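Below: the structure, in structure tokens.
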Amino acid sequence: VHGDFTAMWSSSDTTVSVGLFPGRRTFGPLFLMTVCPLFTIFLWNAYTTADGSLGTAVGDVWQRGFVALSEPWRKNLPDWAIWRKMGIFALFQLALMKFPAAEYRGPITEKGNVPIYVSNGVPAFVITMATAASLHLTGVFALDSLYDDMGQYLVALNIFAPLFCLFLYFKGITVPSSTDSGTSGNFVFDYYWGVELYPRILGFDVKTFTNCRFGMMLWPVMLLAFVAKQAKSETGLTNSMVVSVAIQFVYLTKFYWWETGYLSSIDIMHDHAGYYIVYGCLSWVPIVYTSPSLFLVNRPLSLPLPLAVACFVAGAVAVWINYDSDRQRQNFRLSHGKGKVWGAPPTMIIAEYTTAKGEVKKSLLLKSGWWGLARHFHYLPEILAAFFWTLPGGFDSLLQFFYVIFLTILLVDRAYRDDARCRDKYGKYWDEYCKAVPYRIVPFVL
């Protein structure tokens, strides 16, 4: 089925590449699918054997070439115990997806389908953290062993994730879960981007599992592992680690509290279940997103108390602003523009658009409150929160800030993609909105 799924990440114009980077149909996907698995292991190896030094890690690759990249893979091939533990964690998260909670209906798709979820993110998060802590404290499973065996877990995920993406590709072209599926005729693109928007397997929503229950849930589990590892060291647990992990737990708590909002975001509504998002959540998140705290495990940095407190407060405030901006827009939509924004009636643009079926519908574009500052303002506090949970590690290593740099590029690119998609959808109404709110992310800057 050839359709508008060739419109890489935004516009229905299939002749152009949308976003910051070109080559999104073939070269870009091939490049990322080649580099990302190598880079995840390189990053882990740099943090654990090169003291987080980019120069040392790159110098090793420069001297020894591909051997330096392949050696950590060869030395960390997962044994059956690793596969078994990963399987247990996956089954545990699948079981938590059935935890009884209120039903949530996602936004209707262009094909008229409405995804249905169970809004049990908070209990799943609490139960997982309580279980992990209990297993560690009772000696059943030492969390610091996750740090010790992290290389094997990462290699296992880099083996499993591409194979799972291949399974999703063939499932999508043979037994799609809904009409929100299709191919472009380009295997590379379809494998990378995904065939289905909302694939389900045995009643389980795939993207809820990969995005929210496996990848995102591994993030806090790995943070606990880093805390446990440093606590067993000669120096003990440092306040730099505490601050870094605490800000991330504030962010992750916000994520699961707001999970239904995430299920209405571009990741879920627009991005198909392919290598781009599935591999990213299964293999990229556990190492890249946790890397600021991984960097601190063997760096016992003690911050002056005022600096530690200021860093935590700044990070927590950034997370709150990120949440409040998303909540503000969500409430605006739920109230159909009738609720107040910052204590006053909202200002808005009533935009018309035509669906794939030729139906003319309307959307409300908020141009006051946080959304009067920039069209994608919520990305700014998210980047700042990441900066503040990275800051406790100091400025000795550029590699320590890789996640902040990556997140900035990701979100700026996403802002460009979303702008292009909205301009394609709303036409002159989006142009009017851009005149009213001229900045994409940073007021008066970008």
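One point on numbering: in my numbering, the residue at position 322 of the sequence shown is 306, and numbering is uninterrupted.
Heads up, the beta-carbon is just placed ideally off N, CA and C, and yes, glycines get one too.
Computed from a prediction, not measured in an experiment: that's the story for all the values here.
Secondary structure of L350 (DSSP, three-state): strand.
Across the structure, F428 and L357 are spaced so that their CA atoms are roughly 9 Å apart. Rounded to whole angstroms, the separation of the alpha carbons of I261 and V190 is 11 Å. Counting C-beta pairs with one atom in each stretch, the region 137 to 153 and the region 21 to 30 have three or more that are closer than 8 Å, which means they touch. Comparing alpha carbon positions, the residue from Y235, P276 and L285 closest to L221 is L285.
Going by beta carbons, A335 and Y410 fall inside the 9 Å limit. The C-alpha of Y400 is placed about 13 Å away from the C-alpha of V426.
In the three-state reduction of the DSSP assignment, S228 falls in the helix class. Here R405 is buried. Its C-beta has 16 or more other C-beta atoms within 10 Å. Spanning the alpha carbons of T10 and G258 requires a straight line of approximately 14 Å. Between the region 86 to 100 and the region 200 to 213, the count of C-beta pairs closer than 8 Å stays below three; the two stretches do not touch. Under the DSSP assignment, A209 falls in the alpha helix (DSSP H) whose first and last residues are M200 to A215. Taking the C-beta atoms as reference points, W177 is found nearer than 9 Å to P13. In this structure, A30 is the residue among A30, F73 and S37 with its C-alpha nearest to the C-alpha of L53. Non-local beta-carbon contacts of Y273 in its own chain, meaning distances under 7 Å to residues more than five positions away in sequence, involve W203 and Y387 in chain order.
Distance between L280 and P183, taken at the CA atoms: about 38 Å.
Our two residues, G299 and H362, have alpha carbons roughly 14 Å apart in a direct line. In the three-state reduction of the DSSP assignment, T274 falls in the coil class, being assigned neither a helical nor a strand state. Y263 sits away from P99, with the two beta carbons spaced by 9 Å or more. A residue is called buried when at least 16 other Cβ atoms come within 10 angstroms of its Cβ; L430 does not meet this threshold and is exposed. DSSP lists no beta-bridge partner residue for E94.
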